[in-house]
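J.: Just so it is clear: in the sequence shown, position 211 is 210 by numbering that gives the first Met the number 0, and no numbers are missing.
For glycine and all other residues, C-beta sits at the position ideal for the given N, C-alpha and C.
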Amino acid sequence: MFTPFEIKNATIPNRIVMPPMCMYSATEDGYVTNWHRVHYGARAVGGVGLIILEATAVEKRGRLSNRDLGIWDDSHIEGLAELVDLCKAHGSVVGIQIAHGGRKSWGDDLVAPSALAFPDQAVPHALSISEIQDVVESWRQAARRAEAAGFKLLQIHAAHGYLIHEFLSPLSNQRTDEYGGSLENRMRFLLEIVEAVQSEWPQKKPLSVRLSAVDYLEGGLTIEDTVAISRVLKAKGVDLMDISSGGLLPARIELAPGYQVPFAEAVKKGAEIPTIAVGLITTPELAQEILSNGRADFVALGRELLRNPYWVLQAKPDQETWPWQYERAIPGKQ
Ligand SMILES: Cc1cc2nc3c(=O)[nH]c(=O)nc-3n(C[C@H](O)[C@H](O)[C@H](O)COP(=O)(O)O)c2cc1C
0 MFTPFEIKNA
10 TIPNRIVMPP
20 MCMYSATEDG
30 YVTNWHRVHY
40 GARAVGGVGL
50 IILEATAVEK
60 RGRLSNRDLG
70 IWDDSHIEGL
80 AELVDLCKAH
90 GSVVGIQIAH
100 GGRKSWGDDL
110 VAPSALAFPD
120 QAVPHALSIS
130 EIQDVVESWR
140 QAARRAEAAG
150 FKLLQIHAAH
160 GYLIHEFLSP
170 LSNQRTDEYG
180 GSLENRMRFL
190 LEIVEAVQSE
200 WPQKKPLSVR
210 LSAVDYLEGG
220 LTIEDTVAIS
230 RVLKAKGVDL
240 MDISSGGLLP
250 ARIELAPGYQ
260 VPFAEAVKKG
270 AEIPTIAVGL
280 ITTPELAQEI
290 LSNGRADFVA
300 LGRELLRNPY
310 WVLQAKPDQE
320 TWPWQYERAI
330 PGKQ
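(1) Excluding five sequence neighbours on each side, which residues of the same chain lie with their C-beta closer than 6 Å to the C-beta of G149?
(2) How many angstroms separate the CA atom of R66 from the CA atom of E288?
(3) Going by C-alpha to C-alpha distance, which of T26, L216, Q96 and M0 sits closest to L152?
(4) Quick one, are the C-beta atoms of Q259 and A212 less than 8 Å apart?
(5) For M300, I'd like the list of residues in its chain whose CB is within less than 6 Å of its CB, leaving aside the five on either flank, ordered along the chain.
(6) Starting from the N-terminal end, write out each residue whose C-beta falls within a distance shorter than 6 Å of any non-hydrogen atom of ligand 1.
(7) Work out the CA separation of S91 and D214 for me, nearest whole Å.
(8) Pick out the complete alpha helix (DSSP H) segments inside the stretch 194-246, 4 residues or longer, and give them in chain order.
(9) Using the C-alpha atoms, what's the distance from S129 back to C86?
(10) Is the separation between the beta-carbon of A390 and that of L190 shorter than 8 Å?
(11) Over the uninterrupted beta strand (DSSP E) stretch that includes L153, give me the two end residues.
(12) Taking L63 as the reference, give the member of R327, E146 and Y161 with the closest Cα.
(13) Count the other C-beta atoms from every protein chain shown that fall within 10 angstroms of the C-beta of G218, then say buried if there are 16 or more, exposed otherwise.
(14) Which term fits Y23, buried or exposed, when burial requires 16 or more other beta carbons within 10 angstroms of its beta carbon?
(15) Taking the alpha carbon of L216 as the reference point, which residue from P249, S229 and R185 has its own alpha carbon closest?
As C-alpha cells, this is what we get:
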C-alpha cells in the first residue's frame, strides 16, 4: 500500500486514490470555491497518493448539477491551478476527471446517442454526426485547459450512464450509423475523444479512463466487453483503467465490501493494464489484500475518505508519512 508507483512521468507516493466525487459546491458558472480548497487540501495533508478531482464539465450543458466544476472556458484554469498547487505542496499527485452527463445532465438541454430517456428525465436530442464532432472538440479543449492548470493525470469519465457510457451500451445506443451497432462502432465516440484529448494532453503524462464494467442488465455491457474496450484503450496509449460499474439504468446490485474488485482484476489480467479498484473498500486489511494479491494496482476509497481524511495517516502512523506539523499526534509519541 505504501510502495510508490511510477506511471509515465508521475510517481504516485502510495496506492491510495481519492476517486472523483462531485461536491456540488462550485459557483453556478463552474468556478472553484473555498469548499474545494479545504476539501481537497485536507486529503492532501492526509497523505492520499493520488487525488482525482470530481467530474468537471467539458460543456456547460453537460454538467451533472448546476453546481459542478467546469472546464469549458479558459477562465476556469486559474481556480483549478490553485487546487493543484495546494495539494501538490503536501505530496499528492493531482488529477482531474473530465465529464459530460449526456442524457443524465442537469437542465433541459439533454443530448445522447439516441432519443431514449433516462427514467424521469426528458427525452434527449440524438446528436448528429457534426454535433458529435463539436462535442469531441470540447473534450480536446478541456484537455488543453487541464494541462494548462498543471494536472499530472487526466481521467476521461466514460462510466455511470453519462454521455460516453451511453454510446458504449447497446441499451442506450440504437444508432444505425458508424457510432452504433457493433461494439467497434459503439466504441468509436470514446476513441475519438481519446485521440482528441491526446492531441493536447502531453504524451509523457498519464491518461486514465473510468468505465462501468457492467450494466447489470440483460442486453447491457458485460465484463467481456469491458476487457475488450480496455485492450483497445491500452493499444491507443491509455495508461490506467479505473473500474466502476452500473449507472446506465436502475438495476439491482448486490453490495458487499470490494464488490467491484473482480471487475478491476478481470481488466488488469485480460487487458494487461494497470487498474484502480473501487467500491466499498474501507479497511487497510482489504486494501492490502487487493494490492498484495495483484488484483489491482491502486485502491480508491470514496466515502471512507469523506468520513476520514486521515485514513492514510492512521494506516501508517510514522514520521515518514505524517506531516511534521502533526508529529506530536502520532500514536505512541509523547
Ligand atoms: C458524493 C459522491 C460523489 C461522486 N461523484 C462522482 C464523480 O464525480 N465521478 C465519478 O466517476 N464517480 C463519482 N462518485 C462515485 C465514487 O467515485 C466511487 O466510485 C463510489 O463512491 C464507490 O466508492 P466508495 O464505496 O469507496 O464510496 C461519487 C460518489 C459519491 C459518494
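T.: Looking at the coordinates:
(1) As a position in the sequence shown, residue 149 is number 150, starting the count at 1. Once the five neighbours on either side are set aside, the close Cβ partners of G149 are A80 and V83.
(2) Reading the sequence shown from its first residue, position 67 is the one you call residue 66. Reading the sequence shown from its first residue, position 289 is the one you call residue 288. Taking the straight line joining both Cα atoms gives about 37 Å.
(3) On the sequence shown, residue 152 is found 153 positions in, with the first residue counted as 1. Comparing Cα positions, the closest option is Q96.
(4) Residue mapping note: residue 259 aligns to position 260 of the sequence shown, counting from 1. Residue mapping note: residue 212 aligns to position 213 of the sequence shown, counting from 1. Yes. Within cutoff.
(5) If you number the sequence shown from 1, residue 300 lands on position 301. Note that residue 300 is Leu in the sequence shown here, rather than Met. I280.
(6) P18, P19, M20, C21, E53, A54, Q96, H156, A158, H159, R209, S243, V277, G278, L279, I280, L300, G301, R302 and E303
(7) Your numbering for residue 214 matches position 215 in the sequence shown. Your numbering for residue 91 matches position 92 in the sequence shown. Near 32 Å, if we compare the C-alpha coordinates of S91 and D214.
(8) 222-235
(9) Here the question's residue 86 lines up with position 87 in the sequence shown. Here the question's residue 129 lines up with position 130 in the sequence shown. Those two C-alpha atoms are separated by around 39 Å.
(10) In the structure as shown, the chain begins at 0 and stops at 333. Residue 390 is therefore absent and cannot be evaluated.
(11) Taking the first residue of the sequence shown as 1, we reach residue 153 at position 154. From DSSP, the beta strand (DSSP E) with L153 extends over L152 to A157.
(12) For the purposes of this step, residue 63 is taken as residue 64 along the sequence shown, with counting starting at 1. Nearest C-alpha to L63: Y161.
(13) The residue given as residue 218 occupies position 219 in the sequence shown. Exposed: under 16 other Cβ atoms inside 10 Å.
(14) The sequence position of residue 23 within the sequence shown is 24, counting from 1. Y23 is exposed by the Cβ-count criterion.
(15) Here residue 216 refers to the residue found at position 217 of the sequence shown. Closest option to L216, Cα to Cα, is P249.
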